[in-house]
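To start, the structure under review is shown below, and the notes come after it.
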Amino acid sequence: MEPTPNQDEIIIDRGSASWSDLWKKEDYWAIWLGVIVLLVGLICFLPAKPKDMDETIAKSNAVMESEAARAPFKTVAWYKAQDAKKKLKPSTEAGKFFKKWMAHPGDWSTDITQAFIMSKERADALNVANMPKYEAAKAKEADALAAAVAAEEAAAAVSFQDAALNAAAEEKIDSWRKAGAAASKAKAKTELKPYNHIPTLLVLPVVLALFFAIGIKFMGKSVRAFLKGFGAVFLVGAVSYALAGQATMKQYGVEYAVWAIVIGMLIANTIGTPKWIKPALEVEYYIKTGLVLLGAEVLFSKVVAIGIPGIFVAWVVTPIVLITTFIFGQKVLKMPSRTLNIVISADMSVCGTSAAIATAAACRAKKEELTLAIGLSLVFTAIMMVAMPAFIKAVGMPYILGGAWMGGTIDATGAVAAAGAFLSDKALYVAATIKMIQNVLIGVTAFGVAVYWCAKVECQAGRQISWMEIWYRFPKFVLGFLSASILFSVLDARLGSDAGYVLLDQGVLRGFSGMARGWFFCLAFAAIGLATDFRELAHHFKGGKPLILYVCGQTFNLMLTLAMAYLMFYVVFPDITAKI
Amino acid sequence: MENANATVRWLAFLGGLLLFWCLMFVVFPAINRTVPAMGRMARVIDEHNLRTGMFFYTDVAITGDSSVETSSTIRYRPHGGEHPGPVVGD
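Here it is in structure tokens:
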């Protein structure tokens, strides 16, 4: 990352732009490469409609509508119709190809080789061993379904006029859903397939190296030197993915980003990063390309997934906390670095690492500042993931309120899901949905920070900045990020929420571009680690102000989010809450 | 560390790897055993096959199901039958 200009380095000369920037500048190459990936995804997945998709969606929606009109609670038929929609997945040879050739090392417990290879014999043995548990869960589900149907019929027999029968039916249906979820998880453990990621890990770095080398060539850098060092950066990334798949690491949220930074820093600060690797340490290049792909995952239609309560909790509270924390950091704590302040503020208030990445790139923060923000987020995420559900249970808070609270405050989506799942399925769904809505705020945050930095921060006090000057300084990759977001949001709206979920969400994004984005960020974090000096990192933490900023901001976030969640879910829209 | 000789630097590197190993197989499992809340959370995470460090919604499979569940509830909110009163709860 480029150094943040201090008072002595404020830009006073006018910026400039030319047409050749389109093929010479890194920001534009991030956009072109991102566009290539997204176009490939759209070409492969948009036509890959599952068989009878439209009919299944129409039939399911009709059933849900009629059941909603018939009963005061979600009936068995309502849920079965919803499940039929959830089962729709795009099926395409390209999808299978990408899944195989972009796979990262998998999960393991004590034997790290399991992250790379699982033999057919082992897969078969595990499937057989897990079968009795699945059969027991399946039988339990069948019994629960029979009980749910009977209870529903009893309630329907009196036209749903008996509150006690309705409550009993809802309880039996809830038990059936829980039994079904358990059976589904047990079934997944009987369908393990053998895999071998070694060929992928040999071929993928060659493909990625050549992919990024296109931009390196046009940017006037040495392709040869880049290619020579890329393999080592990829190796750190692959090892990071492998370590992140270890069972205990999954529990504590020590993901590939953390491992890539930590392993990279260990190498850089002990044996030293060899000089021949350095031309491949293109941190910003990898991150900006990854961010353009991330933009496609920022779908504005997700904002209404849980109605107005979700919008208020995720989109009203978050900007208030972000701006307040930033001002607190500047005026009260007097943080020495504005970029560190805004990156931590965004990290804590929006959605953790992804917000930190986008904000850091938008304001050109130092890589050490990004590393510090991610480290703070990791530590507090692990604490909050355990402490918040325990607190919610201890004080008897309603789980939907608790889910909304955790969704709006815990940084990482995975940790939010875990904390929600700890309470109940409903808490999980609410928490994960609120976090998803917050994720969408990244686009607005990155754009806002970029404009603010160009217009206000990177200029001499009292000097007027023209719009052209803001344009010259504006990080252009943010336009790629936003354009991808707008394009995919429009596509999602045109397809409709159901078809959009199947073809875009499950198809293009989770089936292809999300995997590419993961690898690009992994390369970026490996490069950050390999280029980071411990002493620089420690310098940014001096005085503990970043920690104080995070703690104070998160405390405010916790209070405001809880208040807003209670107001929205229990005072203003209790009817929505009642039906969740 | 730049001024230290190669042996010291390699020892430091191996020491770092050993530290990672200890965290992974000794320290964190010990926390799971001794802190009941973390132990229970670990079981929930394993049961749902979650990766708690995943930071974006598209990285976490269950967010897909969650968004379908919640948006279905908003679009097709049950309102049939005579209303004996909404059951607001978990």
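From first to last, the protein sequence lines stand for chains W and G. Just so we're aligned, residue 524 is where the first sequence starts under our numbering, counting upward by one. Just so we're aligned, residue 4 is where the second sequence starts under our numbering, counting upward by one. The beta carbon of each residue, even a glycine, is placed where N, CA and C say it ideally should be.
- When CB distances to chain G are screened at a threshold of 7 Å, the residues of the segment 1022-1037 of chain W falling below it are Tyr1024, Asp1028, Gln1029, Leu1032, Arg1033 and Gly1037, in chain order.
- At a cut-off of 9 Å between beta-carbon atoms, Arg80(G) makes contact with chain W.
- Burial is judged here by how many other beta carbons sit within 10 angstroms of a residue's own beta carbon; Glu981(W) has at least 16 and is buried.
- Taken through DSSP and simplified to helix, strand or coil, Ile1103(W) comes out as coil.
- Asp1098(W) has a beta carbon lying within less than 9 Å of a beta carbon in chain G.
- Within chain G, Phe16 and Gly19 have C-beta atoms less than 7 Å from the C-beta of Leu789(W), given in sequence order.
- Judged by their CB atoms, Ala869(W) and Thr968(W) are nearer to each other than the 9 Å cut-off.
- Classified as buried, Arg1040(W) has 16 or more neighbouring CB atoms from the shown chains inside 10 Å of its CB.
- In this chain, Glu820(W) is not harboured by any alpha helix (DSSP H), its DSSP state being neither H nor E.
- If you ignore the 5 residues before and after Val826(W), its C-beta comes within less than 8 Å of the C-beta of Gly833, Ile834, Ala837, Trp838, Ile960 and Val963, all in its own chain and listed in chain order.
- The count of Cβ pairs closer than 8 Å, one atom from the segment 909-922 of chain W and one from the segment 1055-1071 of chain W, stays below three, leaving the stretches out of contact.
- The Cβ neighbour count for Ser632(W), taken over all protein chains shown within 10 Å, is under 16; the residue is labelled exposed.
- Chain-ordered listing is empty here: chain W has no CB closer than 7 Å to the CB of Ala33(G), the nearest sitting near 10 Å.
- Rounded to whole angstroms, the gap between the alpha carbons of Met1091(W) and Ala553(W) is 40 Å.
- Chain-order list of chain G residues neighbouring Cys874(W): Phe58 and Phe59, by C-beta distance under 8 Å.
- Under the 9 Å criterion on CB atoms, Asn8(G) is classed as non-interfacial with respect to chain W.
- At a Cβ-Cβ threshold of 9 Å, Phe16(G) and Ile794(W) count as neighbours.
- For His627(W), no alpha helix (DSSP H) segment is defined, and its DSSP state is neither H nor E.
- Between Ser70(G) and Ala819(W), the alpha-carbon positions lie close to 17 Å from each other.
- In the structure shown, the three-state DSSP call for Met858(W) is coil.
- Listed along chain G, the residues sitting closer than 8 Å to Arg593(W) by beta-carbon distance are Gly83 and Gly84.
- Beyond the five residues adjoining it in sequence on each side, Ala944(W) comes within less than 7 Å, by CB distance, of Leu951 in the same chain, given in chain order.
- Closer than 9 Å to the CB of Ala940(W) there is at least one CB belonging to chain G.
- Shortest Cα-Cα distance from Phe903(W) to any of Thr876(W), Arg887(W), Ile880(W) and Gly925(W) involves Thr876(W).
- In this structure, Val909(W) lies away from Ala9(G), with their beta-carbon atoms at least 9 Å apart.
- Residue pairing by DSSP places Ile640(W) opposite Asn719(W) in a beta bridge.
- Taking Gly937(W) as the centre and dropping the five residues before and after it, the same chain places the C-beta of Gly776 closer than 7 Å to its C-beta, in chain order.
- Trp552(W) has a beta carbon lying at 9 Å or more from every beta carbon in chain G.
- With respect to Ala671(W), Lys695(W) sits close: the two C-beta atoms are nearer than 9 Å.
- Membership of Asn52(G) in any alpha helix (DSSP H) is not indicated, and neither H nor E is assigned to it by DSSP.
- The three-state secondary structure of Gln769(W), taken from DSSP, is strand.
- By the rule that beta-carbons nearer than 9 Å mark a contact, Pro912(W) touches chain G.
- In this structure, the straight-line span from the alpha carbon of His51(G) to that of Glu644(W) is close to 25 Å.
- Burial is judged here by how many other beta carbons sit within 10 angstroms of a residue's own beta carbon; Trp782(W) has at least 16 and is buried.
- For Gln961(W), the enclosing alpha helix (DSSP H) covers residues Asp948 to Tyr975.
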